[in-house]
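In this note's numbering, the protein residues as written are 13 to 97. Think of the CB as a built atom: it goes at the ideal place given N, C-alpha and C, for glycine as much as any other residue. Presented below is the structure to which this report refers.
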């Protein structure tokens with residue numbers, strides 16, 4: 013069951029969304045600019061266990077991707093590694 017906050021947000025913006033990922037990013041960044049720590053913690057407190065784990069999993073995934081990119085991991089394949097088909 014999706015979080016009520018997301019449902020309300022979608023209802024408010026749905027007539028202005030085109031379905032592009034950039035739309036979701038713009039809405040998310042706009043919302044984050046308006047929220048303070050207390051607001052965010054209140055919304056997190058309303059999440060189900062599944063939503064909370066999903067959010068944290070996405071955070072871990074994106075953070076690891078960003079760290080690997082900063083460290084240059086995955087930018088090149090070792091010469092002795094076989095090609096992946």
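A contact between stretches requires three or more CB pairs, one per stretch, nearer than 8 Å, and the stretch 46-62 meets this requirement with the stretch 13-29. Exclusion of the five residues before and after residue 25 leaves 39 as the residues of its chain whose Cβ lies within less than 6 Å of its Cβ.
8 Å or more divides the Cβ of residue 56 from the Cβ of residue 47. Here the alpha carbon of residue 43 sits roughly 21 Å from the alpha carbon of residue 69. Only residues of its own chain outside the window of five on either side were considered, and among them 29 have a CB closer than 7 Å to the CB of residue 35, listed in chain order. Going by DSSP, residue 57 is part of the alpha helix (DSSP H) stretching over 49-57.
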